[in-house]
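Asks: What follows is a single structure, and I will ask about it in a moment.
There are 4 protein chains.
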Amino acid sequence: MKKSDFIREFNVNIDMAVEAHEILRGESEDEIPGVRMSKAEFDHAVITTIDIETEQGVQEMGRPQGTYITIDAPDIRQNNYLVHNEISEILAKELVNLMNLNDNSSVLIVGLGNWNATPDALGPQVIDKTLVTRHLFQLSPDELKGKLRNVSAIAPGVLGITGIETAEIIRGLVEHVKPDWVIAIDALAAGSLERIGTSIQICDTGISPGSGVGNRRVGINEETLGCKVVAIGLPTVVNAAIIAHSCLDGLLDELKTSPSLYKLYKGFNSDTLEHILTQALSPYTNNLMVTPKEIDTLIKSAARIIAGALGMCLHPGITREEYQTYLQ
Amino acid sequence: MKKSDFIREFNVNIDMAVEAHEILRGESEDEIPGVRMSKAEFDHAVITTIDIETEQGVQEMGRPQGTYITIDAPDIRQNNYLVHNEISEILAKELVNLMNLNDNSSVLIVGLGNWNATPDALGPQVIDKTLVTRHLFQLSPDELKGKLRNVSAIAPGVLGITGIETAEIIRGLVEHVKPDWVIAIDALAAGSLERIGTSIQICDTGISPGSGVGNRRVGINEETLGCKVVAIGLPTVVNAAIIAHSCLDGLLDELKTSPSLYKLYKGFNSDTLEHILTQALSPYTNNLMVTPKEIDTLIKSAARIIAGALGMCLHPGITREEYQTYLQ
Amino acid sequence: MKKSDFIREFNVNIDMAVEAHEILRGESEDEIPGVRMSKAEFDHAVITTIDIETEQGVQEMGRPQGTYITIDAPDIRQNNYLVHNEISEILAKELVNLMNLNDNSSVLIVGLGNWNATPDALGPQVIDKTLVTRHLFQLSPDELKGKLRNVSAIAPGVLGITGIETAEIIRGLVEHVKPDWVIAIDALAAGSLERIGTSIQICDTGISPGSGVGNRRVGINEETLGCKVVAIGLPTVVNAAIIAHSCLDGLLDELKTSPSLYKLYKGFNSDTLEHILTQALSPYTNNLMVTPKEIDTLIKSAARIIAGALGMCLHPGITREEYQTYLQ
Amino acid sequence: MKKSDFIREFNVNIDMAVEAHEILRGESEDEIPGVRMSKAEFDHAVITTIDIETEQGVQEMGRPQGTYITIDAPDIRQNNYLVHNEISEILAKELVNLMNLNDNSSVLIVGLGNWNATPDALGPQVIDKTLVTRHLFQLSPDELKGKLRNVSAIAPGVLGITGIETAEIIRGLVEHVKPDWVIAIDALAAGSLERIGTSIQICDTGISPGSGVGNRRVGINEETLGCKVVAIGLPTVVNAAIIAHSCLDGLLDELKTSPSLYKLYKGFNSDTLEHILTQALSPYTNNLMVTPKEIDTLIKSAARIIAGALGMCLHPGITREEYQTYLQ
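Line by line, the protein sequences give chains A, B, C and D. Numbered continuously in the working numbering, the first sequence closes out at residue 331. Numbered continuously in the working numbering, the second sequence closes out at residue 331. Numbered continuously in the working numbering, the third sequence closes out at residue 331. Numbered continuously in the working numbering, the fourth sequence closes out at residue 331.
What follows is the structure, given as structure tokens:
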């Protein structure tokens, strides 16, 4: 059973467009109709940009039309500040390109996720390190113009903490704060272990229902909020079903070597696989996360990188070193 | 200089109606026109209810028309669970009387204040211990009716953390959550040290601008939110100027004993006093809090008492012991 | 490949004696030589007691001579206070039996693990809810005797936070505090998903090197500390390799149905399996945790249950309701 | 009544040597016998070094023989990173001079105080931002030599949390970790409001019993620990009695202008003053802290400055910018 079939069949959430794209293309070299992909390489990062340009691309990729940028930077795992700063800068540049802000643009940063559960705590940690300025603008807007932009920030908490759908909280806020842009930060579920803590996805389509570690039920996007939305996501977990599938797939690959077994392999139906998976993951199903032990330090590093990039992108009058010192 | 003059002169914030009332009446026994006061005594608490009934009462008391109930319970300071539970129950009963909820009433609890500053962290701590149910009602409203009420909760953070006026955040939320009542929890500045951590004020007029440890700039009340608002407050600090005044007053009292000094005493003008105070509190002025060293445990106890009372008042189908165990 | 072989081969840590015992016995009904097992059933819990009585038992079970008690209580997952309290009481009784304390016994409770990583935060959360009394005893020992016992508590943090091996910190502490008993609380890695958050293991042999979510490097036991040690553990994660094995095993089980495939199945060697596993878990190996999304609430409930049991066991003069209210 | 008499009479704790010195000298220009004082001025800081050199100096100053360095830097209150970095560097240099470390020196950093009470949370916050390396040295000491020093760190919590005297915990730790130096970080009570959050005291005599916001009961010094101890302290509160005294003093100063009143002033005895003070501070006495509302951000800045200085001083192979990025 191919990973793409498996993912569809078992309803596994793939948050990253770049992974959906890889799965969809499989080993083929052909581009998916309505989708354009390009790559750029840097010393410590590879950037993959996927543009979903037509309705056909939307159908194929199963996500809205727009731009999805992935920065793959496995070196984040080394605790090296120079590398971290480079990645902050790369991320900042991509945000600048994507958002096209002017001096008067105002931005509301929203940290999604649950501060009580480490793998879901990326958003709140970024908010903790964010320099907010909106209230300063109400006192002395002229002094700040050109140096700082109007930035507000909130980590609204998850449904189990507030009893309120996150999207509702943000919608109410947007109606009063009236930002030009919302930037939503969220922890994602990756399709492969390598991306945990080391890939950053940004996209201009916001956050779709059902995505993220906490599985948002309602989308957070231009349609629901009425303003432009950029989403920044970092995978922090992999769905356990993916690991299970990798094992089964590996085993079936081994079986392929004998013709008689290959026949068997092809005959294996998804009911059997589902049975095996259900057994292996019982009493849980789609609700199991796989995450490395050092997830707390990975998220701490990522929160610094993202908060640093937000500073560079949003407050052009502050130097990188200066901003670094605001990140507490 | 009388405390009432001092407080007016130096613009010291008095959050508790009962203290404003005491100061206003001074040693007189006469009731203030348009204001009605009554007392009830319990084993471990004295309840003072102040009703501001007319426009004249509003003018005199400098706060909106409505009911202000103060539970003075110095025994909170003993770490005795029986006493704490009794006070929870007293508070719950007062809330029930004040709010007159029915089975379908929905409530949004708002924890004001700054979780990073212990004396201002009461609101967020109560939210932490609150059982939210609103999301459960969207799944199975009939099962819950009569047992639980529809409750949501948020600790929105302070201006320096979000860049957004707290009242704005709550207003946006109220428009979407559409609760029948908002209950706002806040840490207050008391007019006397004895009340720190041991008095609880509830009122049906919400929160006025300029009150609370964090000095809210915009009111949180029916006028700004468009729904009924109950405020629950606990004093956690005293403005340092109050202490300063007590000392000066004590000294002047001593001087009164000699007639020639009494003349002097009367001649002391507020400019001199202001000069002394400004010197004593420099480089701060109205921004200094006086708080006992054990403020962290006082607030922890108070947060349990208030969260317990909210549970009893809002979820009538849960026993006290049951609710206690939900308070984590 | 049998789970027992797999676990040995792949060096998977099994923290719970009851699981090691299950794996060792497999489908056989025979007791392991030198090991005695008994079961007791309660409304919401099954208690399995395993006594390792001889050197042969030690060899077979791969852990020190002593008593290992497991309370399996899947109902913990229901957020029902009555059930939680019952389990607290069961745990308290087992602790009382195991420890045989007298009025003068003193106890140091140690919360192992990393407060920054939710699945490893059980120990610190229990410490947060623990009533310490040792300092009160130095003031008025006679008043407290018979009501409270001499209890101190610490959450020392993990190697990455302190740079110091946890066992070293505790050893230094024990030499000064001189408790009669150390109770060490730790998050465990389970061998099966069902036990996550719902089983509690207590044993009188302390904590072995290499066990727990954080993989302690040095044992915490009578030998290293010089005083008696009880360990209380709760599984919060499963090693990802276990999930991988379950899948492979399930698939091979299916293959067994055809004789020709059964031959193949038997021929499958551990190198092939290792290859498949390594692929599936790359770039991680033994360092991947599988944990449910609601791990934060599971740990919160468990911390309350354990802290409640410690209160009942250690402070006999406080009623259950009383103690409940101390658990903040 | 002079401040020095008042402080003695009312047993007010003065943690800073520089303040004890000021009070002692009063308006006189003469040096105290056995004490040497020198000053150095920098752009954003004044450094006052007080050496207590003889037994007579010890008697006069009421603290142990040794060097007490105070960095007064009111500009810390501006949230300006350049200033903060300068002060980090100044502090680092003073630490380097005071400690005279070599490549093999090992250091244990101890963060005293209560993380639950903001004004007492300086020590734990510095520990949070500290790069520990001791465990790395046990793996690959040669690689690190000359770049990093052997550093371990702990925030042991306060008596009310652990039941154990902090000094006992540290003593046990020192016996096992065997550091060459202990650096103890603590929040102090200042004698004047200006120093809150803006002065840093370092001394080579450790911490005396009764000092700090939490009033340590046992000293943390070479005598109790058996290794050298540097203490770094930052005032975060002022004892409320100091404010009270300032007011009384201010008033009495005014009275001085008339000869007849001056007589009165001189006649005022300390019983009267004590009565006034006791009234003003009732029901508290020495247990009231005065602290500015923004204490949380002051402490956050100070923790960054101190942690940054520790990095520069202890890990000479890391650049300032590099270290800054480790401070999370």
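Glycine is no exception: its CB is placed at the ideal position from the N, C-alpha and C atoms.
Across which residues does DSSP place D/ASN242 in a beta bridge pair?
Replies: As a working mapping, residue 242 of chain D is identified with position 239 in the fourth sequence. According to DSSP, which records beta bridges pairwise, D/ASN242 is partnered with D/MET292.
Asks: Could you give the distance in angstroms between the alpha-carbon of B/PRO36 and the alpha-carbon of D/LYS259?
Replies: Position 33 of the second sequence holds residue 36 of chain B. Position 256 of the fourth sequence holds residue 259 of chain D. Their Cα atoms are separated by approximately 44 Å.
Asks: Express the C-alpha separation of D/GLY166 and D/ILE130 in angstroms, rounding to a whole number.
Replies: As a working note, residue 130 of chain D is residue 127 in the fourth sequence. As a working note, residue 166 of chain D is residue 163 in the fourth sequence. Approximately 21 Å, taken between the alpha carbons.
Asks: Is the region 128-144 of chain C touching the region 195-206 of chain C, taking contact as three or more C-beta pairs under 8 Å?
Replies: Touching, no, given that fewer than three Cβ pairs across the two stretches are closer than 8 Å.
Asks: Starting from B/VAL161, trace the alpha helix (DSSP H) in both directions and tell me its first and last residue.
Replies: Taking the second sequence and counting its residues from 1, the one referred to as residue 161 of chain B is at position 158. Segment: none, B/VAL161 is in no alpha helix (DSSP H) and carries neither H nor E.
Asks: Please confirm whether D/GLY194 and B/ILE279 have their CB atoms less than 8 Å apart.
Replies: On the fourth sequence, residue 194 of chain D is found 191 positions in, with the first residue counted as 1. On the second sequence, residue 279 of chain B is found 276 positions in, with the first residue counted as 1. Not in contact: D/GLY194 and B/ILE279 (Cβ atoms no closer than 8 Å).
Asks: Please confirm if D/ILE298 has its CB atom under 8 Å from at least one CB of chain B.
Replies: Here residue 298 of chain D corresponds to residue number 295 of the fourth sequence, with the count starting at 1. Answer yes: the Cβ-Cβ gap between D/ILE298 and chain B drops below 8 Å somewhere.
Asks: So the candidates are A/THR121, A/SER108 and A/LEU125; which of them puts its Cα closest to the Cα of A/LEU115?
Replies: Working through the first sequence from its first residue, we reach residue 115 of chain A at position 112. For the residues A/THR121, A/SER108 and A/LEU125, the minimum Cα distance to A/LEU115 belongs to A/LEU125.
Asks: Is the beta carbon of A/SER285 sitting closer than 8 Å to the one on A/ILE79?
Replies: Against the first sequence, residue 285 of chain A aligns to sequence position 282. Against the first sequence, residue 79 of chain A aligns to sequence position 76. Not in contact: A/SER285 and A/ILE79 (Cβ atoms no closer than 8 Å).
Asks: Does the distance from the CB of D/LEU228 to the CB of D/ARG307 come in under 8 Å?
Replies: In the fourth sequence, residue 228 of chain D corresponds to position 225, counting from 1. In the fourth sequence, residue 307 of chain D corresponds to position 304, counting from 1. Taking 8 Å as the Cβ cut-off, D/LEU228 and D/ARG307 do not qualify as a contacting pair.
Asks: Could you check where the beta strand (DSSP E) with B/SER273 kicks off and where it finishes?
Replies: Indexing the second sequence from 1 puts residue 273 of chain B at position 270. No beta strand (DSSP E) holds B/SER273; the alpha helix (DSSP H) holding it covers 273-284.
Asks: Label B/LEU330 either buried or exposed according to how many other C-beta atoms from any shown protein chain fall within 10 Å of its C-beta, with 16 as the threshold for buried.
Replies: Within the second sequence, numbered from 1, the residue matching residue 330 of chain B stands at position 327. Note that B/LEU330 scores 44 on pLDDT, short of 50, meaning its location in the model is unreliable and no value can be drawn from it.
Asks: Give a yes or no on whether the minimum CB-CB distance between C/ILE157 and chain D is below 8 Å.
Replies: By one-based count along the third sequence, residue 157 of chain C stands at place 154. It does; some Cβ of chain D falls within 8 Å.
Asks: Considering only residues of the same chain and omitting the five flanking positions on each side of B/ILE210, which have a CB-CB separation below 7 Å?
Replies: Here residue 210 of chain B is taken as the residue at index 207 of the second sequence, counted from 1. Leaving aside the five residues that flank B/ILE210 on each side, the residues in its chain whose CB is nearer than 7 Å to its CB run, in chain order, ALA187, ASP189, ARG219, GLY222, ILE223, ASN224 and ALA234.
Asks: B/THR73 lies in the alpha helix (DSSP H); which residues open and close that run?
Replies: Here residue 73 of chain B refers to the residue found at position 70 when the second sequence is read from its first residue. From DSSP, B/THR73 is part of no alpha helix (DSSP H) but of the beta strand (DSSP E) over 69-75.
Asks: Identify whether C/SER249 lies in helix, strand or coil by the three-state DSSP scheme.
Replies: As a first step, residue 249 of chain C is located in the third sequence; it is residue number 246 there, counting from the start. Here C/SER249 carries a helix assignment [DSSP, helix/strand/coil].
Asks: Whole-angstrom Cβ separation of D/VAL177 and D/ASN117, contact assumed at under 8 Å?
Replies: Position 174 of the fourth sequence holds residue 177 of chain D. Position 114 of the fourth sequence holds residue 117 of chain D. Not really, about 22 Å apart at Cβ, beyond 8 Å.
Asks: In three-state terms, what does DSSP make of A/MET40?
Replies: As a position in the first sequence, residue 40 of chain A is number 37, starting the count at 1. Strand.
Asks: Would you kindly report the start and end of the unbroken beta strand (DSSP E) that includes D/GLN204?
Replies: Here residue 204 of chain D refers to the residue found at position 201 of the fourth sequence. Here the beta strand (DSSP E) through D/GLN204 covers 202-206.
Asks: I'd like the span of the beta strand (DSSP E) that includes A/ASP189, first residue to last.
Replies: Within the first sequence, the letter at position 186 stands for residue 189 of chain A. Note, A/ASP189: beta strand (DSSP E), 184-193.
Asks: With C-beta atoms as the reference, is B/MET315 less than 8 Å away from B/SER108?
Replies: Here residue 315 of chain B refers to the residue found at position 312 of the second sequence. Here residue 108 of chain B refers to the residue found at position 105 of the second sequence. Their beta carbons are not under 8 Å apart, which means B/MET315 does not touch B/SER108 by this criterion.
Asks: Looking only at DSSP bridge pairs, what is B/SER109 linked to?
Replies: As a first step, residue 109 of chain B must be located in the second sequence, where it is residue number 106. According to DSSP, which records beta bridges pairwise, B/SER109 is partnered with B/ASN153.
Asks: Looking at chain C, is there any beta carbon in it that lies within less than 8 Å of the beta carbon of D/GLU22?
Replies: As a position in the fourth sequence, residue 22 of chain D is number 19, starting the count at 1. It does not: the Cβ of D/GLU22 has no partner Cβ on chain C nearer than 8 Å.
Asks: Going by other Cβ atoms of all chains shown within 10 Å of its Cβ, with 16 needed for buried, is B/LYS5 buried or exposed?
Replies: On the second sequence, position 2 is the one that residue 5 of chain B refers to. By the neighbour-count rule (16 or more Cβ atoms within 10 Å), B/LYS5 is not buried but exposed.
Asks: Cα-Cα, which of D/TYR84, D/MET102 and D/VAL38 is closest to D/VAL232?
Replies: For the purposes of this step, residue 232 of chain D is taken as residue 229 along the fourth sequence, with counting starting at 1. For the residues D/TYR84, D/MET102 and D/VAL38, the minimum Cα distance to D/VAL232 belongs to D/MET102.
Asks: Using a Cβ-Cβ distance cut-off of 8 Å, determine whether C/MET292 contacts chain A.
Replies: The residue you call residue 292 of chain C lines up with position 289 of the third sequence. Yes - at least one Cβ of chain A is within 8 Å of the one on C/MET292.
Asks: Keeping to the same chain, check which residues put their C-beta closer than 6 Å to that of A/ILE112; ignore five residues upstream and five downstream.
Replies: Position 109 of the first sequence, counted from the start, is the residue given in the question as residue 112 of chain A. THR133, ALA156 and ILE186, listed in sequence order.
Asks: C/GLU171 versus chain D: which residues are under 9 Å apart at the beta carbon?
Replies: In the third sequence, counting from the first residue as 1, residue 171 of chain C sits at position 168. In chain order: LEU176, HIS179 and VAL180.
Asks: Can you give the Cα-Cα distance for A/LYS148 and D/ASN88, rounded to whole angstroms?
Replies: Numbered from 1 along the first sequence, position 145 holds the residue referred to as residue 148 of chain A. Numbered from 1 along the fourth sequence, position 85 holds the residue referred to as residue 88 of chain D. Going from the Cα of A/LYS148 to the Cα of D/ASN88 covers about 26 Å.
Asks: Report the neighbours of C/ALA192 on chain A: residues whose CB is nearer than 8 Å to its CB, in chain order.
Replies: For this step, residue 192 of chain C is matched to residue 189 along the third sequence. None at all; the shortest Cβ gap to chain A is about 10 Å.
Asks: When the Cα atoms are used, what is the spatial distance from B/VAL241 to D/LEU291?
Replies: Locating residue 241 of chain B in the second sequence gives position 238, where the first residue counts as 1. Locating residue 291 of chain D in the fourth sequence gives position 288, where the first residue counts as 1. Approximately 10 Å, taken between the alpha carbons.
Asks: Can you name the residues of chain A whose CB is closer than 7 Å to the CB of B/HIS138?
Replies: As a first step, residue 138 of chain B is located in the second sequence; it is residue number 135 there, counting from the start. Here the neighbours are LEU162 and GLY166.
Asks: Would you give the residue range spanned by the alpha helix (DSSP H) that D/ASP54 belongs to?
Replies: Working through the fourth sequence from its first residue, we reach residue 54 of chain D at position 51. Bounds of any alpha helix (DSSP H) do not take in D/ASP54; it lies within the beta strand (DSSP E) bounded by 49-55.
Asks: Compare the Cα-Cα distances from A/TRP184 to each of A/ALA158, A/ALA247, A/LEU98 and A/ASP256 and report the closest residue.
Replies: For the purposes of this step, residue 184 of chain A is taken as residue 181 along the first sequence, with counting starting at 1. Ranking A/ALA158, A/ALA247, A/LEU98 and A/ASP256 by Cα distance to A/TRP184 puts A/LEU98 first.
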